[in-house]
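Participant:
2 protein chains.
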Amino acid sequence: MMDVCLLGTGGMLPMPKRWLTSLMLRCEGSNILIDCGEGTQIAMKEAGLSPRPIDIMCFTHYHADHISGLPGMLLGMGNSDRTEPVIMIGPKGLFNVVKSLRCIAPELPFELRFIELDQNTEQYKIGPYIINCFKVNHNILCYGYSVTVPRKGRFDPEAAKEKGISVKYWNRLQHGETVKAENGEVYTPDMVMGPERKGLKVTYTTDTRPCENIVKAAEGADIFICEGMYGEPGMEEKARSYKHMTMREAAELAAKAKPTELWFTHYSPSMINPKQYIGDMKKIFPECRCGKDGMMRELDYTDE
Amino acid sequence: MMDVCLLGTGGMLPMPKRWLTSLMLRCEGSNILIDCGEGTQIAMKEAGLSPRPIDIMCFTHYHADHISGLPGMLLGMGNSDRTEPVIMIGPKGLFNVVKSLRCIAPELPFELRFIELDQNTEQYKIGPYIINCFKVNHNILCYGYSVTVPRKGRFDPEAAKEKGISVKYWNRLQHGETVKAENGEVYTPDMVMGPERKGLKVTYTTDTRPCENIVKAAEGADIFICEGMYGEPGMEEKARSYKHMTMREAAELAAKAKPTELWFTHYSPSMINPKQYIGDMKKIFPECRCGKDGMMRELDYTDE
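If you read the sequences in order, they're chains Y and S.
Residues in the first sequence are numbered from 0 upward in steps of one, following numbering that gives the first Met the number 0.
Residues in the second sequence are numbered from 0 upward in steps of one, following numbering that gives the first Met the number 0.
#1: Can you give me the start and stop residues for the alpha helix (DSSP H) that S:Asp279 sits inside?
#2: Of all Cβ atoms in chain Y, is any one closer than 8 Å to the Cβ of S:Pro70?
#3: Counting along the chain, where does the alpha helix (DSSP H) carrying Y:Ser99 start and finish?
#4: What does a CB cutoff of less than 7 Å around S:Thr39 pick up in its chain, not counting 5 residues either side in sequence?
#5: Going by other Cβ atoms of all chains shown within 10 Å of its Cβ, with 16 needed for buried, is Y:Ile271 buried or exposed?
#6: Please name the residues in the region 61-85 of chain Y whose beta-carbon is closer than 8 Å to at least one beta-carbon of chain S, in chain order.
#7: Pull up the CB-CB distance for S:Asp2 and S:Glu297, whole angstroms please, since I reckon it's below 8 Å.
#8: First and last residue of the beta strand (DSSP E) that includes S:Met56?
#9: Could you tell me if Y:Arg171 is buried or exposed, where buried requires 16 or more neighbouring beta carbons within 10 angstroms of its beta carbon?
#10: Could you work out which residues of chain Y lie near S:Met14, taking near to mean beta carbons separated by less than 9 Å?
#11: Give the single residue among Y:Leu107, Y:Met87, Y:Asn95 and Y:Gly233 whose Cα lies nearest to the Cα of Y:Ile114.
#12: With burial defined as no fewer than 16 other Cβ atoms inside 10 Å of the residue's Cβ, what is the status of Y:Met244: buried or exposed?
#13: Sort S:Thr205, S:Ser240 and S:Phe109 by Cα distance to S:Ala249 and report the nearest one.
#14: Mark S:Pro174 as exposed unless 16 or more other C-beta atoms lie within 10 angstroms of its C-beta, in which case mark it buried.
#15: Can you tell me whether DSSP reads S:Lys44 as helix, strand or coil?
#16: Helix, strand or coil, according to DSSP, for S:Met23 in the structure here?
#17: On the three-state DSSP scale, how would you describe Y:Trp169?
#18: Which whole-angstrom value is the C-beta distance of S:Glu251 and S:Ile283, which I expect to be below 8 Å?
#19: Pull up the distance between the alpha-carbon of S:Asp221 and that of S:Phe58, whole angstroms please.
#20: Applying a beta-carbon distance threshold of less than 8 Å, which residues of chain S neighbour Y:Leu100?
#21: Give me, in chain order, the residues of the same chain whose beta-carbon lies closer than 6 Å to that of Y:Ile277; leave out the 5 immediate sequence neighbours on both sides.
#22: For S:Asp306, which of helix, strand or coil comes out of DSSP?
#23: State the beta-bridge partners of S:Gly7 as determined by DSSP.
#24: Tell me, please, which residues DSSP counts as bridged to S:Glu315.
#25: Check the Cβ-Cβ distances between Y:Val166 and every residue of chain S, and say whether any is below 8 Å.
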């Protein structure tokens with residue numbers, strides 16, 4: 000199970016009634032926060048979420064609307080008595096940006112660990128998550144993230160019986176343990192487990208032109224959360240020159256990648272009501288929705 | 000005339016429905032912003048105010064809740080096409096703090112000029128304002144601010160007639176001009192203007208223990224805006240050890256300084272409803288009010 004909460008949906012500037020774009024993922028008591036603009040800690044409180052279990056923070060890039068809320072967030076995590084280290088992932092330069100911003104949050108009761116990205120794609124396995132980072136195309140170095148919670152294969156009792164493995168070892172093998180049996184034999188989980196099944200996957204990208212990396216990343220996603228900065232026709236040139244994406248371009252990416260669902264986010268302050276364009280977008284990719292602040296979804300495996 | 004808008008009233012952490020403490024003053028199209036925590040730019044929009052005319056920014060100190068909104072505010076001012084310089088006033092170290100925070104707002108279309116405070120009191124005359132900065136008592140170097148809009152004396156036509164000054168020069172003299180008359184005489188404003196009258200004055204202080212500097216600063220203020228972090232009895236020791244002030248201590252300061260009015264602000268996140276303590280506070284200083292987000296007052300001269 001993975002909980003998905005889109006904390007905010009704004010781009011560029013925080014507005015009354017629209018927080019800046021940020022995503023919280025929760026699985027097994029370990030949370031990932033992606034982006035943290037001004038006000039994200041308030042959006043989180045409004046959504047009823049605590050900053051304490053944030054074990055991983057990912058940043059797409061270092062424009063203020065994606066990271067200006069960091070000092071306050073770190074202090075809030077400190078005030079919630081967190082002492083466990085926090086892993087921070089972001090484009091090259093992360094350590095220096097965080098160091099600078101921490102001039103107003105110098106003392107924290109937990110350690111920060113840094114992963115700086117500079118490759119086309121990078122993968123990290125942390126806690127229950129596999130995090131795939133992919134380079135996108137903005138006016139500064141910028142990454143998108145796919146977060147997957149993998150799912151083990153099905154236990155195969157027939158295979159276990161065939162190999163003469165006593166029932167008393169089955170549970171430990173199902174939980175990934177290698178077992179040395181009383182008869183001296185060594186049993187490994189792969190002897191009794193079927194092939195890995197489809198896990199849960201969320202892909203998040205903002206502040207980019209459409210590009211092939213995004214299509215690859217969003218393939219098989221349960222939710223693909225993508226910038227749709229502008230909805231009204233005629234904004235394509237502006238989107239191109241500022242290296243942003245229109246709702247139409249996001250829908251076209253989704254049509255190629257075929258995620259289960261597309262959520263738009265990172266709306267321009269000039270776009271008051273993104274929903275007015277959703278009809279046209281559904282013609283391109285039917286399973287699309289306008290993200291809104293605090294939108295939640297509990298993702299669960301489709302077959303049990 | 001001076002407009003006073005208390006943008007937020009929170010201390011420590013921004014909360015849903017309570018912005019961090021910040022004050023906007025407006026006079027003759029030139030605005031002063033005092034403190035700028037996370038979310039202040041949104042509070043300003045909610046109050047219907049623009050960031051563009053902010054000519055002066057004052058900071059009490061560099062704890063995050065008083066300055067974390069600075070990068071976003073500066074970018075907002077840039078987006079509003081401001082090109083005129085902005086004067087920044089704050090305790091020693093201001094330049095370095097602002098430089099660090101600007102790692103995410105490096106390019107601005109206007110210049111920043113810095114005034115760093117380190118004396119017990121300092122005075123600056125900028126635009127329509129006289130700004131008196133006074134050192135207070137927090138766990139880091141911290142200042143309060145009194146902002147005064149001075150008022151010229153009354154024009155004395157009898158004095159002008161007595162001195163034989165032709166009526167055609169009166170208007171220029173009233174506007175502070177020194178006039179060389181056709182007859183060769185030189186007339187100065189002080190020849191025809193009475194003594195300076197009481198101007199408009201607002202005093203603002205947060206994050207401090209009570210101290211004599213505050214009493215002196217708030218004397219004669221039309222509005223004295225003061226931290227009242229805690230209202231419930233029993234919090235005195237906590238206030239003392241963290242170098243904050245209770246509502247009672249603020250009211251006692253007001254009883255000594257005798258401003259026209261006291262507004263409480265900088266409430267602890269633990270204090271949900273400060274109004275429940277106002278009855279007790281009025282026994283100490285009757286003209287007190289609980290500040291609330293967006294509270295506005297138009298100050299005007301009492302006699303015309």
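In this text, a Cβ means the ideal position worked out from N, Cα and C, and glycines have one as well.
All values reported here derive from a predicted model rather than from experimental measurement.
Facilitator: According to the structure shown:
#1: Ile277 to Ile283
#2: yes
#3: Leu93 to Leu100
#4: Leu6, Gly7, Trp18, Leu19, Ser21, Gly68 and Met72
#5: exposed
#6: Tyr61, His62, Ala63, Asp64, Ile66, Ser67, Gly68, Pro70, Gly71, Leu74, Gly75 and Asn78
#7: 5 Å
#8: Ile53 to Cys57
#9: exposed
#10: Ile41 and Lys44
#11: Y:Met87
#12: buried
#13: S:Thr205
#14: The residue you asked about is not Pro; residue 174 of chain S is His in the sequence shown. When all chains shown are included, S:His174 counts as exposed.
#15: helix
#16: strand
#17: helix
#18: 6 Å
#19: 21 Å
#20: Ser99, Leu100, Cys102 and Ile103
#21: Cys289
#22: For chain S, the structure presents residues 0 to 303; residue 306 of chain S sits outside this window and is missing.
#23: S:Ser21
#24: Chain S is shown from 0 up to 303; residue 315 of chain S falls before or after that span and cannot be answered.
#25: no
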